[in-house]
Every structure is written in C-alpha cells, then in structure tokens.
Amino acid sequence: MRILLLLTATFMMLVSFQNCSPEHSGTDLSSQKVFKIDSVYPYATKSTYYDNVQLVNVQSVSGGYNYQFIASLVYVDAPDTQVKLRLTFKEESGALVCPRVEVTVNRSNNNVEVSNCTSTKSQSTILITVEAKLTTETNYTEVGSYRFDI
Amino acid sequence: MEIYFVNFVFESTLAGALMDSESKRKTSILALVMAVAASILLIPAAEAQDAKVVSLLTAQAFVTQRLLPFSLEKSSGEKLNVLSARVAPPCYSMIDRFRPNIFHVYCLSATSTRVSIAYQDGDQIKEAGVDLNGIRAVALISTTPVGPDPGPNPLIEQGRELFQVKNCASCHPGTPISSQQTAASIEANFADSPSAEMKAYKGQISVSDRDALAAYINEEFF
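Put into structure tokens, the structure is as follows:
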C-alpha cells in the first residue's frame with residue numbers, strides 16, 4: 001500500500017513538473033542594451049506641467065516644406081484646469097520657421113496636432129519652445145524646449 | 151477624461167496549520183463560502199471606497215516615445231501612493247520622482263499592454279491593474295529625403311572607411327585609379343598590381359566590402 005502511494009506520488013510529481021528556470025541561450029547578455037526609463041524622464045525639479053513634442057512628418061510641398069508635430073501638455077496638480085499652450089518654432093539662427101501655435105488644453109483635450117508649420121526653405125534643425133499659462137494668468141512660462149535635427 | 155477602475159485582489163489568509171485534518175476541511179469549506187459571500191456582498195462596499203487610475207492625457211495622446219502620466223486616487227480625490235508599477239516590454243514604467251501618486255509608462259513601440267500597480271491604502275498594500283490599448287507609433291525616426299541633398303550614402307561611407315583602414319590612401323590618389331570600378335575589377339587590380347602590398351589583398355576582401363570600395367572610388371575620384 002505504501003509503495004503504491006509512493007509510486008502515485010512520484011508519478012504526480014513527474015507529470016506536474018514545470019521547468020521554470022531561465023532559458024539559457026548562446027546570447028551574450030552583456031551586449032544587450034537595457035532601456036532605462038529614468039533616462040527619458042526630463043524633469044530635474046517638481047514640474048508644474050508635463051509636456052511633450054514629437055516631430056511626426058516632413059513633407060516637400062508647393063512653396064516649401066511642411067513640418068508636422070504632435071504635442072501634449074497637462075497641469076499636473078489639477079489636470080482638468082484649462083491651460084494656454086504656446087509653441088514657437090525656430091531655426092538655429094533664432095528666426096521663426098513658421099507661425100506660433102496657441103491652443104487651450106485640459107486633461108480631456110490635450111492631444112495637439114500641428115500641421116500648418118510650413119517653411120519656405122528646408123530646415124536641418126528646428127528648435128521648439130513650449131510655454132504655458134493658466135487662463136487666469138497674464139504671462140507665459142517656459143515649460144520645455146525641444147531640438148529636432150532633421 | 152480617462153478613468154480606469156482598479157481591479158481589487160482578494161488575498162486569502164493562511165491559518166490553522168496546527169489544526170487536525172477534519173478541522174482543516176471544515177475551515178477550508180467555511181473560507182470558501184466566506185470568500186464567495188464576500189465577493190457577492192462586499193464588492194459594492196469595495197467600489198464605494200475604490201481607487202481609480204486616472205490618465206493625465208487623453209487617449210489620443212497615447213503614443214510611443216512619450217511619458218504617459220497616470221495618477222492613482224480614491225473617488226473622494228484622496229491621493230494614493232504607488233509602491234510599484236510593472237509593465238512588460240516594449241513598455242517601461244516608473245513612479246514619478248516628485249509625486250508618489252503618479253506613475254509614468256513609456257513605450258518604445260506600438261502596443262497594447264497592462265500595467266500592474268501596487269499601492270498603499272492606509273496600512274494596507276493593495277494591487278491594481280490598468281489596460282492601455284492602442285499606443286500608437288507616430289514619432290519620426292528618419293525623415294523622407296527633403297530637398298536636393300539626400301544625405302550620405304551608407305555604402306560610400308563604408309567604402310571611405312575601408313579605403314582608410316586598408317591603407318589604400320598611402321598610394322592613391324598618387325597612383326592613378328581607373329574609373330567605373332566594380333567588386334570584380336578591384337579583385338583583378340589586386341591580382342595584377344605590381345605592388346606587393348596591394349597584391350596581398352587578393353582573395354582577402356569580401357565582395358560586399360569591394361562593392362563599398364568601388365562605390366567610394368567611383369564617387370570620390372571621378
């Protein structure tokens with residue numbers, strides 16, 4: 001009886017065994033780059049706003065070049081607050097590449113698409129300044145800046 | 151506004167290690183009945199004091215290569231401290247450095263994923279999860295050629311580097327090079343060269359490297 005139990009227990013252990021150890025392959029793990037999210041966290045101090053700008057397209061169009069961006073902004077401590085967002089697009093010399101963009105955003109509506117930035121010449125670099133203010137405030141505050149080497 | 155309600159995780163407690171088997175069986179049945187009753191009766195109570203994950207960005211702003219901030223708070227608005235936020239690659243997560251109730255998710259490529267969160271509610275540690283669907287990839291990684299300058303040709307750049315590394319520059323362009331080079335003509339040049347140094351390259355340089363050298367020579371010298 002005891003032998004039967006022992007055999008049953010051994011059988012159950014064998015069929016239920018799962019090898020959960022890490023897989024070993026010939027890959028040299030030391031050569032794999034591990035992404036660190038801390039490396040993209042841009043704020044050195046407690047930021048009033050979270051912002052982001054991305055270049056999403058460059059097109060040759062009649063009369064120049066069209067640059068398309070997306071941007072986002074939120075007032076962190078009260079995300080539903082209405083915030084004025086201003087984007088300025090400049091070349092390295094400081095000249096404006098295209099007209100400034102001013103929009104009002106809040107948490108429910110903070111995906112900003114900029115499609116009307118058209119320059120008469122091809123830009124190798126575009127510098128973008130992000131400014132924001134509460135609708136109750138008078139002056140804009142610089143929130144962030146971005147550089148796109150095209 | 152994007153609000154994601156938390157999925158509460160009920161944990162069972164281990165007890166009665168010293169009980170006899172009959173007591174254990176009864177205890178197990180009782181625990182099961184209580185768990186079912188709790189899941190039926192106590193869920194409304196749990197939701198009344200629930201936590202919620204709130205996105206600070208609208209869902210249209212969920213794109214790759216952007217920190218997506220989320221806050222964790224009770225319905226009453228009380229902020230809850232996030233203890234950990236876990237997500238599988240290609241997404242990564244971190245708790246904000248300055249606000250413990252906010253965590254960020256950053257995705258390297260387009261995906262849908264789930265973030266598992268542990269948070270502190272009073273003296274209890276609870277778990278939650280939030281699904282992020284349809285994170286889009288829109289950032290421009292490489293531009294389409296704009297204007298007359300298409301940028302450097304990688305094959306020519308490879309050839310330029312090889313020309314230096316293989317010490318070709320020590321004799322050329324002082325020694326003439328023929329135009330319209332190909333991988334085959336360069337190999338023939340190695341074989342026919344009066345220079346012992348150049349002859350030594352016969353059969354030593356791959357076709358792709360000779361292609362690159364030919365592209366560089368044709369571009370740079372003619």
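Those protein sequences? They're chains A and B, same order as listed.
Numbering-wise, the first sequence is residues 1 to 150 according to my numbering.
Numbering-wise, the second sequence is residues 151 to 372 according to my numbering.
A virtual CB, placed ideally from N, CA and C, is assigned to each residue, including glycine.
Indicate whether Tyr50/A and Val58/A have their beta-carbon atoms separated by less than 9 angstroms. Looking up residue 50/A in the first sequence gives position 50. Looking up residue 58/A in the first sequence gives position 58. Result no, Cβ atoms of Tyr50/A and Val58/A do not sit closer than 9 angstroms.
Closer than 6 angstroms by C-beta to Tyr146/A: which residues in its own chain qualify, once you throw out the five before and the five after it? Chain order, please. Taking the first sequence and counting its residues from 1, one reaches residue 146/A at position 146. Taken in chain order, the residues that qualify are Val53 and Ile128.
Does Thr150/B come within less than 9 angstroms of chain A when only Cβ atoms are used? There is no way to answer for residue 150/B, as the model of chain B reaches only from 151 to 372.
Relative to the alpha-carbon of Gly227/B, which residue among Asp200/B, Met244/B, Ser329/B and Glu337/B has its alpha-carbon at the smallest distance? For the purposes of this step, residue 227/B is taken as residue 77 along the second sequence, with counting starting at 1. Selected option, being the one with the closest Cα: Asp200/B.
Any beta carbon from chain A within less than 9 angstroms of His322/B's own beta carbon? Here residue 322/B refers to the residue found at position 172 of the second sequence. False, the Cβ-Cβ gap to chain A never drops below 9 angstroms.
Span of the alpha helix (DSSP H) holding Ile336/B? Here the question's residue 336/B lines up with position 186 in the second sequence. Here the alpha helix (DSSP H) through Ile336/B covers Ala333 to Asp342.
At least one CB of chain A closer than 9 angstroms to the CB of Arg264/B: is that the case? On the second sequence, position 114 is the one that residue 264/B refers to. Closer than 9 angstroms: no.
Which of helix, strand or coil DSSP assigns to Cys241/B: For the purposes of this step, residue 241/B is identified with residue 91 of the second sequence, where counting begins at 1. In this structure, Cys241/B counts as strand in the three-state DSSP scheme.
Please confirm whether Thr332/B has its beta-carbon closer than 9 angstroms to some beta-carbon of chain A. Sequence index remark: in the second sequence, residue 332/B carries index 182 (1-based). Taking Cβ atoms only, chain A never reaches closer than 9 angstroms to Thr332/B, which makes this a no.
Could you pull out every residue in the same chain whose Cβ sits closer than 7 angstroms to the Cβ of Gln331/B, ignoring the five residues on either side in sequence? Counting from one through the second sequence, the residue named residue 331/B turns up at place 181. Excluding residues within five positions, the ones whose Cβ falls inside 7 angstroms are Ala364, Ile367 and Asn368.
Length of the line joining the Cα atoms of Gly63/A and Leu206/B: Residue mapping note: residue 63/A aligns to position 63 of the first sequence, counting from 1. Residue mapping note: residue 206/B aligns to position 56 of the second sequence, counting from 1. About 39 angstroms.
Mark Arg100/A as exposed unless 16 or more other C-beta atoms lie within 10 angstroms of its C-beta, in which case mark it buried. On the first sequence, residue 100/A is found 100 positions in, with the first residue counted as 1. With fewer than 16 other Cβ atoms within 10 Å, it is exposed.
Output the distance between the C-alpha atoms of Pro250/B and Asn111/A, rounded to the nearest integer angstrom. To locate residue 250/B, count along the second sequence from 1; it is residue 100. To locate residue 111/A, count along the first sequence from 1; it is residue 111. For Pro250/B and Asn111/A, the distance between alpha carbons rounds to 25 angstroms.
Pair every Cβ in the region 34-44 of chain A with every Cβ in the region 130-138 of chain A, then say whether three or more of these pairs are closer than 8 angstroms. no
Selection from Arg286/B, Lys349/B, Met348/B and Ser345/B that minimises the alpha carbon distance to Ala209/B: Indexing the second sequence from 1 puts residue 209/B at position 59. It is Arg286/B.
Flag this pair as touching only if the region 106-120 of chain A and the region 85-97 of chain A have three or more C-beta atom pairs under 8 angstroms; answer yes or no. yes
Could you please give me the residues that DSSP links to Glu142/A through a beta bridge? For the purposes of this step, residue 142/A is taken as the residue at position 142 of the first sequence. Beta-bridge pairing links Glu142/A to Glu131/A.
In this structure, how does DSSP classify Ser189/B when only helix, strand and coil are distinguished? As a working mapping, residue 189/B is identified with position 39 in the second sequence. Confidence at Ser189/B is low in this model, with a pLDDT of 47, below 50, so its placement is unreliable and the value that follows should be read with caution. Residue state, collapsed to three classes: helix.
Return the chain-ordered ranges of every beta strand (DSSP E) run that is complete within the region 199-275 of chain B and spans a minimum of 3 residues. 201-205, 218-224, 231-236, 241-245, 252-257 and 261-271
Does Thr125/A come within less than 9 angstroms of chain B when only Cβ atoms are used? Taking the first sequence and counting its residues from 1, the one referred to as residue 125/A is at position 125. No, Thr125/A does not count as interfacial toward chain B.
Could you spell out the range, first to last residue, of the alpha helix (DSSP H) harbouring Pro79/A? For this step, residue 79/A is matched to residue 79 along the first sequence. Unbroken run through Pro79/A: none, as it is neither H nor E.
Could one say the Cβ of Lys46/A lies closer than 9 angstroms to chain B's Cβ atoms, at least one of them? Against the first sequence, residue 46/A aligns to sequence position 46. Yes, because at least one Cβ of chain B sits closer than 9 angstroms to the Cβ of Lys46/A.
Which value, in whole angstroms, describes the spacing of the CA atoms of Thr81/A and Ile252/B? One-based indexing of the first sequence puts residue 81/A at position 81. One-based indexing of the second sequence puts residue 252/B at position 102. Roughly 17 angstroms separates the two Cα atoms.
Mind checking which residues open and close the beta strand (DSSP E) that includes Leu87/A? Taking the first sequence and counting its residues from 1, the one referred to as residue 87/A is at position 87. Looking at the DSSP string, the run of the beta strand (DSSP E) that includes Leu87/A is Val83 to Lys90.
Do the region 232-245 of chain B and the region 261-272 of chain B make contact, defined as three or more Cβ pairs closer than 8 angstroms? yes
If you reduce the DSSP assignment to three classes, tell me which class Ile37/A lands in. Position 37 of the first sequence, counting from 1, holds the residue named residue 37/A. Here Ile37/A sits in helix by DSSP.
I need the DSSP call for Gly353/B, collapsed to helix, strand or coil. By 1-based counting over the second sequence, the position of residue 353/B is 203. Here Gly353/B sits in coil by DSSP.
In its own chain, which residues sit with a C-beta less than 6 angstroms from the C-beta of Asp149/A, not counting the 5 before and 5 after it? Locating residue 149/A in the first sequence gives position 149, counting from the first residue. Within the same chain, Asp149/A has close Cβ partners Thr125.
If I follow the unbroken alpha helix (DSSP H) through Pro304/B, where does it start and stop? Numbered from its first residue, the second sequence carries residue 304/B at position 154. It spans Pro304 to Val315 - the alpha helix (DSSP H) in which Pro304/B sits, taken as one unbroken run.
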